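In the working numbering, the protein residues as written are 65 to 275.
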């Protein structure tokens with residue numbers, strides 16, 4: 065199975081930055097709103113990985129403190145402009161950062177939110193490990209992501225589409241089994257919920273708790 069690399073992801077999102085909100089805003093809206101609701105339920109200090117153009121920043125509770133990171137500087141410039149324009153005082157920082165090598169101390173956050181990130185990083189398992197590292201004990205890792213079909217026509221399409229998708233910066237064939245195997249190797253996390261999201265259950269909201 066081929067893979068993606070950091071340079072390819074950066075270039076892909078640099079191309080997407082000018083039109084990202086228009087193209088993806090409504091498509092991913094329900095998944096985004098659901099992750100934010102879970103993060104606000106936890107409250108405290110939240111790390112939003114892959115914050116992109118900052119669409120999600122508008123929807124967090126003003127009492128929830130946010131640190132946002134993204135690998136794409138053009139995306140983050142739009143997020144920074146959004147924070148200034150909307151006077152979002154609960155946003156502590158926005159920084160260019162590799163999701164697999166977060167520049168935060170251990171146990172820094174009450175929750176880590178990663179929306180549509182796991183299928184767009186070169187090493188998903190190592191990235192998830194670093195998310196757990198920066199979580200406080202009893203903190204939650206909240207993911208929303210496309211999960212590949214196990215079989216059937218959608219599986220066939222995802223495998224056929226995969227080479228093009230990698231050039232665009234993500235894997236469409238990412239299987240649930242990879243997350244199952246990752247969690248089994250990591251004694252520090254427990255699956256709390258997997259919730260199917262529209263459209264047609266192709267997207268899942270997934271919550272892990274750090275023990």
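All residues carry an ideal CB built from backbone N, CA and C; glycine is no exception. In this text the structure is predicted, and so the values were computed from the model without any measurement.
Residues sharing a beta bridge with residue i, DSSP
| i | result |
| --- | --- |
| residue 109 | 129 |
| residue 274 | 253 |
| residue 244 | Residue 244 pairs with nothing; no bridge assigned. |
| residue 258 | 270 |
| residue 204 | 175, 273 |
| residue 155 | 130 |
Member of the options whose CA lies at the smallest distance from the CA of residue i
| i | options | result |
| --- | --- | --- |
| residue 106 | 249, 97, 202 | 202 |
| residue 158 | 242, 275, 98, 112 | 112 |
| residue 261 | 197, 210, 136, 147 | 210 |
| residue 152 | 131, 192, 245, 196 | 131 |
| residue 127 | 193, 194, 100, 238 | 100 |
| residue 36 | 145, 144, 171 | The displayed coordinates of the chain run from 65 to 275. Any statement about residue 36 would go beyond what the structure contains. |
| residue 114 | 125, 138, 102 | 138 |
| residue 250 | 148, 194, 267, 268 | 194 |
Straight-line Cα distance separating residue j from residue i
| i | j | result |
| --- | --- | --- |
| residue 134 | residue 163 | 7 Å |
| residue 240 | residue 169 | 29 Å |
| residue 218 | residue 167 | With a pLDDT of 47 at residue 218, under the threshold of 50, the modelled position of this residue cannot be trusted, and the question is left open. |
| residue 242 | residue 248 | 10 Å |
| residue 174 | residue 270 | 16 Å |
| residue 272 | residue 254 | 5 Å |
| residue 119 | residue 252 | 31 Å |
| residue 94 | residue 104 | 15 Å |
| residue 146 | residue 124 | 14 Å |
| residue 150 | residue 142 | 12 Å |
| residue 192 | residue 122 | 25 Å |
| residue 183 | residue 238 | 6 Å |
| residue 161 | residue 136 | 8 Å |
| residue 197 | residue 144 | 26 Å |
| residue 228 | residue 245 | Model confidence at residue 228 stands at a pLDDT of 43, short of 50, so the residue's coordinates are unreliable and nothing is read from them. |
| residue 224 | residue 181 | Model confidence at residue 224 stands at a pLDDT of 43, short of 50, so the residue's coordinates are unreliable; what they give is reported in the following sentence. Cα-Cα distance, rounded: 21 Å. |
Beta-carbon proximity check, residue i vs residue j, cutoff 8 Å
| i | j | result |
| --- | --- | --- |
| residue 116 | residue 129 | no |
| residue 179 | residue 258 | no |
| residue 207 | residue 274 | no |
| residue 140 | residue 176 | no |
Proximity test, Cβ basis, 8 Å: residue i and chain B
| i | result |
| --- | --- |
| residue 146 | Here chain B cannot be found, since the structure has a single protein chain. |
Exercise for review: Tell me, please, whether the segment 183 to 192 touches the segment 150 to 157 by the rule of three or more beta-carbon pairs shorter than 8 Å.
Suggested key: no
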